[in-house]
Amino acid sequence: MDLFGPDRGADRPPPGSESPATRGAGQAGNPELAPLADRMRPEGLDEIVGQNDLMGPGRPLRETIERDQVHSMILWGPPGSGKTTLARLVARLTRAQFLQFSAVLSGIKEIKEVMRAAEQYRRATGRRTILFVDEIHRFNRAQQDAFLPYVESGALALIGATTENPSFEVNAALLSRCTVYTLRALSEGDLVTILKRALASARGVASRRVAAADKDLLYLASLSGGDARRALNILELLATATPPAPDGTRPIDQTSIARAAQRAPLLYDKAGEEHFNLISALHKSLRNSDADAALYWLVRMLESGEDPLYIARRMVRFASEDVGNADPQALAVALRARDAYDFLGMPEGALALAQAAAYLALAPKSNALYVACGRIREDLKAGLTDPVPHAIRNAPTPLMKDLGYGRDYQYAHDLEEGTTDMECLPERLRGRRYYEPKPFGYEKTLQERIKEIEGLKARLRERRGVKRSP
Numbered sequence: 001m002d003l004f005g006p007d008r009g010a011d012r013p014p015p016g017s018e019s020p021a022t023r024g025a026g027q028a029g030n031p032e033l034a035p036l037a038d039r040m041r042p043e044g045l046d047e048i049v050g051q052n053d054l055m056g057p058g059r060p061l062r063e064t065i066e067r068d069q070v071h072s073m074i075l076w077g078p079p080g081s082g083k084t085t086l087a088r089l090v091a092r093l094t095r096a097q098f099l100q101f102s103a104v105l106s107g108i109k110e111i112k113e114v115m116r117a118a119e120q121y122r123r124a125t126g127r128r129t130i131l132f133v134d135e136i137h138r139f140n141r142a143q144q145d146a147f148l149p150y151v152e153s154g155a156l157a158l159i160g161a162t163t164e165n166p167s168f169e170v171n172a173a174l175l176s177r178c179t180v181y182t183l184r185a186l187s188e189g190d191l192v193t194i195l196k197r198a199l200a201s202a203r204g205v206a207s208r209r210v211a212a213a214d215k216d217l218l219y220l221a222s223l224s225g226g227d228a229r230r231a232l233n234i235l236e237l238l239a240t241a242t243p244p245a246p247d248g249t250r251p252i253d254q255t256s257i258a259r260a261a262q263r264a265p266l267l268y269d270k271a272g273e274e275h276f277n278l279i280s281a282l283h284k285s286l287r288n289s290d291a292d293a294a295l296y297w298l299v300r301m302l303e304s305g306e307d308p309l310y311i312a313r314r315m316v317r318f319a320s321e322d323v324g325n326a327d328p329q330a331l332a333v334a335l336r337a338r339d340a341y342d343f344l345g346m347p348e349g350a351l352a353l354a355q356a357a358a359y360l361a362l363a364p365k366s367n368a369l370y371v372a373c374g375r376i377r378e379d380l381k382a383g384l385t386d387p388v389p390h391a392i393r394n395a396p397t398p399l400m401k402d403l404g405y406g407r408d409y410q411y412a413h414d415l416e417e418g419t420t421d422m423e424c425l426p427e428r429l430r431g432r433r434y435y436e437p438k439p440f441g442y443e444k445t446l447q448e449r450i451k452e453i454e455g456l457k458a459r460l461r462e463r464r465g466v467k468r469s470p
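Going by my numbering, the first residue of the sequence shown is number 1, and it counts up by one from there.
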């Protein structure tokens with residue numbers, strides 16, 4: 001990589017004549033051999049489709065590019081949303097030296113070489129280097145740290161592209177020195193616009209005379225998952241594989257599109273943000289008693305390759321946390337689903353998980369146990385950790401009995417009522433109510449049982465002439 005080639009300032013070469021090192025491999029050599037998605041990249045900011053909140057007229061990111069004041073940034077978005085396209089446009093429009101770097105192919109040695117050369121370039125020319133790093137999330141901590149001094153000194157403006165949440169994948173120190181721009185998946189309308197442009201453009205497939213109705217292009221867009229690259233790849237395959245009709249056109253329809261598309265890959269990362277987004281969606285759909293949504297998120301995770309046992313563990317947790325004693329069977333159902341999956345494996349075991357998800361979604365809900373445990377933790381944090389009352393202490397030795405352990409203990413089975421008025425909480429906590437069942441499902445019965453027990457204890461205290469401590 002020649003870092004000190006011709007100055008790309010006032011005498012910069014016209015668009016399209018840059019060296020392969022600065023343009024990227026897809027544009028090098030014969031442009032007709034490049035994939036359609038590469039040939040159809042916008043050649044100016046006005047050609048960008050979608051991302052209007054970032055690239056619309058007057059928007060800050062567009063302004064920085066037009067004024068050649070590009071700063072260090074992270075472009076975060078799903079595949080095919082325009083991250084690389086945006087970086088390529090910076091390469092066309094900036095007066096700075098622009099270099100492209102792949103996190104897949106480069107190590108820390110190459111990083112340091114480029115960083116030193118960028119510093120030398122700035123000293124020699126007074127201009128900085130803009131470095132585009134594709135898939136920056138693939139760099140480890142040490143590799144990312146190598147950029148820091150040069151980003152701080154101003155010798156380098158870093159543009160990192162990632163499909164992963166930068167909060168998880170980019171070092172905090174580097175992230176704090178970059179502006180994060182979030183690119184959204186393109187809408188179906190955006191994709192149709194891109195497809196029509198490719199059908200009509202000489203850079204596209206105009207010479208193939210592909211004939212497609214609007215409804216068919218919309219169908220193609222719906223199979224592309226917001227990914228412009230995928231949409232154009234499907235179109236290119238159709239343009240190549242569809243035989244011409246007698247009139248010379250190559251008609252495509254939904255049947256041929258479905259065959260070419262096969263199946264859109266599901267966006268998922270088993271350790272990153274989308275992993276947590278989807279399990280959150282499942283949990284909240286269950287909590288909201290939406291069985292259809294719960295089943296959708298469950299199947300989507302399984303089809304994306306999520307570990308079924310992870311989902312099973314989360315449903316077991318949900319059964320206790322969000323259903324609780326409103327339906328005591330929920331925990332048993334979740335545990336049986338886990339056991340059934342262990343026994344059957346995939347794909348058969350998926351149905352057991354789906355059965356549990358539907359049951360949990362439609363079960364009555366109560367977080368009373370979760371709230372009760374939270375209240376207890378708050379009291380413990382506040383220092384309410386008094387000794388165990390003597391009456392309910394174990395007294396296995398004579399010395400312990402002499403010290404009062406077990407004194408005044410009342411054995412509930414000896415009483416006709418099946419309970420006693422003995423206090424089991426420390427004195428400062430007597431009368432404290434932690435568990436308050438809700439009036440749903442079986443907890444409504446438990447509410448009545450608590451009232452019954454309180455009445456029994458009150459009568460026992462009254463019979464013994466004992467007043468309960470306030």
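We treat Cβ as the ideally placed atom computed from N, Cα and C, and that holds for glycine. Just so it is clear, the structure is predicted and the values come from calculations on it, not from any experiment.
Review point. Quick one: what's got a C-beta closer than 8 Å to LEU75's C-beta in the same chain, skipping five residues either side?
Key: LYS83, LEU86, ALA87, ILE159, GLY160, ALA161, THR162, TYR181 and LEU183
Check your understanding: Between ALA458 and chain C, is there a C-beta pair that is closer than 9 Å?
Key -> Looking at the structure shown, chain C is missing, and only one protein chain is on hand.
Review point. Just the Cα atoms here: how many angstroms apart are ALA231 and MET55?
Key: 21 Å
Check your understanding: Are the Cβ atoms of SER81 and ALA185 separated by less than 9 Å?
Key -> yes
Check your understanding: What do you get for GLU43, buried or exposed, if any count of 16 or more other CB atoms within 10 angstroms of its CB means buried?
Key -> exposed
**Study point:** Start and end residues, alpha helix (DSSP H) containing GLN355
**Key:** 349-362
Review point. To which residues of the same chain is GLN27 closer than 7 Å at the C-beta, ignoring the five residues directly before and after it?
Key: With a pLDDT of 42 at GLN27, under the threshold of 50, the predicted position of this residue should be treated as unreliable, and no value is reported.
Review point. So what does DSSP say about ARG250, is it helix, strand or coil?
Key: strand
Exercise for review: Tell me, to the nearest whole angstrom, how far the beta carbon of ALA211 is from that of THR249; I am working on the premise that it is less than 8 Å.
Suggested key: 4 Å
Review point. Three or more beta-carbon pairs under 8 Å between the region 437-444 and the region 354-367, yes or no?
Key: yes
Check your understanding: If you run the structure through DSSP and keep just helix, strand and coil, what is MET301?
Key -> helix
**Study point:** Contact under 9 Å by Cβ, LEU89 with ILE65
**Key:** yes
**Study point:** Straight-line Cα distance separating LEU191 from LEU227
**Key:** It is Asp, not Leu, that sits at residue 227 in the sequence shown. Taking the straight line from one Cα to the other gives about 8 Å.
Check your understanding: In its own chain, which residues sit with a C-beta less than 6 Å from the C-beta of ASP134, not counting the 5 before and 5 after it?
Key -> SER102 and ALA161
Check your understanding: What do you get for HIS137, buried or exposed, if any count of 16 or more other CB atoms within 10 angstroms of its CB means buried?
Key -> buried
Check your understanding: Between ASP322, ALA142 and GLY455, which lies nearest to SER106 when the distance is taken from Cα to Cα?
Key -> ALA142
Check your understanding: With DSSP run on the structure shown, which of helix, strand or coil describes MET55?
Key -> helix
Check your understanding: Given TYR150, which residues of its chain have a CB within under 7 Å of its CB, disregarding the five upstream and five downstream residues?
Key -> MET115, ALA118, GLU119 and LEU156
Check your understanding: Quick one: what's LEU199 bridged to in DSSP?
Key -> Answer is none; LEU199 lacks a bridge partner.
Review point. Would ARG459 be called buried (16 or more neighbouring beta carbons within 10 Å of its own) or exposed?
Key: exposed
Check your understanding: Tell me which same chain residues have a C-beta within less than 7 Å of the C-beta of GLY16, skipping the five on either side of it?
Key -> Unreliable placement is indicated for GLY16, whose pLDDT of 35 sits below 50; no coordinate value is reported for it.
Point to revise | Cβ neighbour criterion (16 or more within 10 Å) applied to PRO166 | key: buried
Check your understanding: Hey, would you say ILE108 sits closer than 9 Å to VAL70, going by beta carbons?
Key -> no
**Study point:** Element boundaries [beta strand (DSSP E), containing ASP134]
**Key:** 129-134
Review point. What do you reckon, are the CB atoms on ASN394 and GLY404 nearer than 9 Å?
Key: no
Check your understanding: Using the rule of at least 16 other Cβ atoms within 10 Å of the residue's Cβ for burial, across every protein chain shown, is ASN52 buried or exposed?
Key -> exposed
Practice item. Look up LEU156 in the DSSP assignment and say whether it is helix, strand or coil. Key: strand
Review point. Can you tell me the Cα-Cα spacing of TYR434 and HIS413, whole angstroms?
Key: 25 Å
Point to revise | Cβ contact (3+ pairs, closer than 8 Å) linking the region 233-246 and the region 273-281 | key: no
Point to revise | Segment contact, 8 Å Cβ cut-off, at least three pairs: the region 415-431 with the region 379-395 | key: yes
**Study point:** Straight-line gap, VAL49 to LEU36 (C-alpha atoms, nearest Å)
**Key:** 16 Å
Review point. How many Å lie between ILE392 and GLU417 at the Cα?
Key: 19 Å
Check your understanding: In whole angstroms, what is the alpha-carbon distance linking ARG313 and THR125?
Key -> 59 Å
Check your understanding: From which residue to which residue does the beta strand (DSSP E) around GLN100 run?
Key -> 97-102
Check your understanding: Sorted by chain position, which residues of the same chain lie with C-beta nearer than 7 Å to ALA356's C-beta, five sequence neighbours on each side aside?
Key -> MET315, VAL333, ALA334 and ALA337
**Study point:** Exposed unless 16 or more other CB atoms sit within 10 angstroms - verdict on ARG259
**Key:** exposed
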